[in-house]
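Just below is one structure, and these are the notes that go with it.
Residue numbers (UniProt numbering), protein chains in the order written: chain A, 1 to 336; chain B, 1 to 566.
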């Protein structure tokens, strides 16, 4: 039985690798500056579409963190995102008009780029609205973390998705280009997350937060997954199996301690609930390119007539990583 | 008085060069050993950058593997070179390429001048250390270790087990008493030369060649033979965690390092610009004669290791998800569950929160939704009262509630009517839980309800079955919670004593006699009601003995303290 499961997982991994290999032809290179990547650089991999206003802050945030190079897959942007990124000296850009959905929500493209350019590097696979926070991120660059992980032979690093939201209706305060999104969306849920273990892939399945509370109170099983493993020391043969929620081989998903201790972990601050929200929801709903038949966006659309306010009096206002550590959302593990 | 430094390097040679230059320019000779596996070009650059300093030399290179004899060989060669080339030195200090001096060299020189005959080397017998990696203490000296602990772990473990089984033992050379300690030492010329020029050195070397991790025991053991005065501590601040890896210092440790008053620290992250910039200058310490005092750093690292191995009790999160019975605290704080009390008393929760000063919720697992204290729809941490969300993962709901309200004791009502009966094993085996049950009290609302008797009868049968199952769990041998069970009849007869016990346990500091009693519902006719149930063929078992005719009523509550003689 165990052997059969292992064989099945291996088949799945091979199949994902094959898909990535086949889908590589959908990508056409716009700017390839990967020759400038230094051997110890941490690389960021992103798929995006029409995210122009968010990009300047995104790049600045990760450059300040010490990221060495950015690799973008542009899925048919029409707002100048591609041109903007192409002009950046530390970005390589590929573009495609192919379907986001049929490429496994972008993961096939990224699996290919990860394999080709990420092998041997620490890689951070993100969405443009995700901001990585790790222990000591205010005083230590990301290389300090990856060096430390290397010394413990830890190959993957978990960061739970933490949905951030503004106080008041989501669209109320417009987002200016270059602005820190968490000046507006500075609130989060601190203690309503539900965890169960996925026996097959060995990862933890985390749900909860404002999305479960406000949009899925009647079908919690459909609430979006919040567990993510964005930071991975990439090696040949690895693949992301479902977004960045889990990896194959599955040993990489075992980022948690089962004997009572705490392993090191971080958070991905999720600036999803930010203006222009209604526009984005209507547009994505029309494209129908998202997970589970865009279930999530259909639920959002139902609430559109009355713009939702996710804030409640128990919401926490974001201060820094130490606050998240104390609240038990992330952990320093034995890093001191 | 001069000190000579031996530096063992393998990576980040640019940093090693900076430190070597710092020492050499201030008059301390330096001998550098670079691992033979380090790239030749990097080595060349290092030699070139330090070429202008004549008191820096390079010792013969050895291929060094972790925990092997080659490390000791390299140290021996470097030490011999140091003693031969620099006859003026009095102490030899062994450091690594990732060490950083925290105090000016003249303070270290003065410190050693004040202890001219002292060898600073951590050296303890195997019986006294608890930090040995792999749990191998004295056996390091008596078994053979042909396999690498890092790369051939399975073979290593099996071979050790085999030797234990057949009782194999190597002979320890006569006169040696095995000692262990940190590999970073500072020895006097006398002791070091005595070790290196020992007539039995060939014998000792042959023996230690096969000891496991000889770099932690060779000098530590031999120093005991010759030293006149050993200070069994290292002058290098170097901390190891539970996996035997050194803790690393970063820029944000600057103040901590400065206040530790240690002379040298290891291991410094090679890109900690601020640490290197700050400490490689000649800035005097606040107190130049201070003794090294790493307590604060010890505490920091101790806490880090504890977090990694034990974690925060009652926390379930993305990187801590303990298996059953490995939780090290199923919940984060004590809490109380009351079963049957809200059926028997009017406004029990209001009374309880007033008398014990705690947060009292209604039926958290009520079928309509969680009844948070004060009728709120949300609770700390944005916990929602939605029944579907709660029932999706009731254990997470409960542990989140307790975790979110850390610092304030939580109490809630429970009853066989509630939806989540499967958390009962979890709460029953949780030492933080205080569970008080009035068995059979669920019948009181039925008795007072205005339903058809047939409906009452079937509902009573259902509730009784649920509660009997629950009680069988609470009476099992696996229970860790503090459980108290009374039958309804017993409780009604004497309610004050049990209530007092519970309140005393919840808030031991506020221990005082209860003055106000919660209002009990009117039970006249309850005995007759039970008899009617019996007559209808349903046997109420959990209420205790209620006389059919005249009703039980609480005895007059005792006032004051009858045993106190005024």
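Think of the CB as a built atom: it goes at the ideal place given N, C-alpha and C, for glycine as much as any other residue. Keep in mind the model is a prediction, meaning the values are calculated, not measured.
Using the Cα positions of residue i and residue j, report the straight-line distance between them to the nearest angstrom.
i                      : j                      : result
residue 177 of chain A : residue 140 of chain A : 27 Å
residue 386 of chain B : residue 494 of chain B : 38 Å
residue 489 of chain B : residue 170 of chain A : 57 Å
residue 564 of chain B : residue 545 of chain B : Because the pLDDT of residue 564 of chain B is 47, which lies under 50, any placement of that residue in the model is unreliable, and the question is left without a value.
residue 119 of chain A : residue 235 of chain A : 5 Å
residue 400 of chain B : residue 468 of chain B : 28 Å
residue 34 of chain B  : residue 246 of chain B : 20 Å
residue 47 of chain B  : residue 59 of chain B  : 11 Å
residue 357 of chain B : residue 507 of chain B : 8 Å
residue 37 of chain A  : residue 68 of chain A  : 7 Å
residue 223 of chain B : residue 17 of chain B  : 30 Å
residue 211 of chain B : residue 127 of chain B : 17 Å
residue 530 of chain B : residue 341 of chain B : 19 Å
residue 542 of chain B : residue 484 of chain B : 14 Å
residue 381 of chain B : residue 304 of chain B : 26 Å
residue 213 of chain B : residue 255 of chain B : 34 Å
Going by CA-CA distance only, name the one from the options that's closest to residue i.
i                      : options                       : result
residue 79 of chain B  : B:139, B:294, B:194 and B:521 : B:194
residue 241 of chain B : A:30, A:3, A:53 and A:151     : A:151
residue 498 of chain B : B:405, B:20, B:84 and B:338   : B:338
residue 124 of chain B : B:302, B:182, B:516 and B:82  : B:182
residue 121 of chain A : A:53, A:155 and A:106         : A:155
residue 211 of chain A : A:124, A:43 and A:271         : A:271
residue 89 of chain A  : A:323, A:60 and A:108         : A:60
residue 40 of chain B  : B:63, B:21, B:451 and B:142   : B:63
residue 125 of chain A : A:71, A:221, A:262 and A:137  : A:71
residue 567 of chain B : B:354, B:359, B:381 and B:388 : In the structure as shown, chain B begins at 1 and stops at 566. Residue 567 of chain B is therefore absent and cannot be evaluated.
residue 167 of chain B : B:144, B:266 and B:472        : B:144
residue 15 of chain B  : B:275, B:529, B:419 and B:305 : B:275
residue 281 of chain A : A:292, A:297 and A:269        : A:297
residue 265 of chain A : A:326, A:113 and A:241        : A:326
residue 82 of chain A  : A:46, A:287 and A:318         : A:46
residue 98 of chain B  : B:37, B:503, B:50 and B:13    : B:13
residue 79 of chain A  : A:256, A:58, A:317 and A:48   : A:48
residue 333 of chain A : A:87, A:149 and A:97          : A:149
residue 260 of chain A : B:319, B:204, B:215 and B:233 : B:319
residue 309 of chain A : A:108, A:238, A:168 and A:66  : A:168
residue 238 of chain A : A:16, A:208 and A:158         : A:16
residue 464 of chain B : B:450, B:449 and B:444        : B:444
residue 86 of chain B  : B:455, B:312 and B:5          : B:5
residue 402 of chain B : B:332, B:227 and B:352        : B:332
In this structure, what does DSSP give as the bridge partners for residue i?
i                      : result
residue 138 of chain A : DSSP, once it has assigned bridges, lists no residue as partnering residue 138 of chain A.
residue 89 of chain B  : Paired residues: none, contrary to the question.
residue 267 of chain A : A:133 and A:160
residue 101 of chain B : B:264
residue 94 of chain A  : A:29 and A:73
residue 317 of chain A : A:187
residue 466 of chain B : None; residue 466 of chain B has no bridge partner.
residue 122 of chain A : A:42 and A:233
residue 486 of chain B : B:438
Cβ closer than 8 Å: which chain A residues qualify as neighbours of residue i?
i                      : result
residue 65 of chain B  : Within 8 Å Cβ-Cβ: nothing; residue 65 of chain B doesn't reach chain A, min ~16 Å.
residue 241 of chain B : 334
Determine the chain B residues that contact residue i at a beta-carbon separation under 8 Å, and present them in chain order.
i                      : result
residue 170 of chain A : None at all; the shortest Cβ gap to chain B is about 16 Å.
residue 221 of chain A : 392
Interface residues of chain B around residue i at Cβ under 7 Å?
i                      : result
residue 218 of chain A : 388
residue 167 of chain A : The premise fails here: residue 167 of chain A is roughly 13 Å from chain B at the closest Cβ pair, so nothing lies under 7 Å.
residue 195 of chain A : 316, 321 and 396
Run through chain A and tell me which residues come within less than 7 Å of residue i, C-beta to C-beta.
i                      : result
residue 318 of chain B : 158, 160, 204, 206, 227, 256 and 265
residue 300 of chain B : 336
Strictly below 9 Å CB to CB, what residues from chain B border residue i?
i                      : result
residue 175 of chain A : The premise fails here: residue 175 of chain A is roughly 24 Å from chain B at the closest Cβ pair, so nothing lies under 9 Å.
residue 190 of chain A : 380, 381, 382 and 404
residue 212 of chain A : 384, 389 and 392
Taking residue i as the query, report the chain A residues whose CB atoms sit under 9 Å from its CB, ordered along the chain.
i                      : result
residue 250 of chain B : 136, 139, 140 and 144
Any beta strand (DSSP E) of 3 or more consecutive residues that is wholly inside the stretch 10 to 78 of chain A: 28 to 31, 42 to 48 and 69 to 75
Alpha helix (DSSP H) runs wholly inside the stretch 15 to 52 of chain B, at least 4 long, in chain order: 40 to 49
Extract the residue ranges of the alpha helix (DSSP H) inside the stretch 262 to 309 of chain B, only unbroken runs of 4 or more that lie entirely within it. 273 to 279 and 295 to 309
Whole beta strand (DSSP E) elements within the stretch 227 to 265 of chain B, 3-residue minimum: 229 to 231 and 236 to 238
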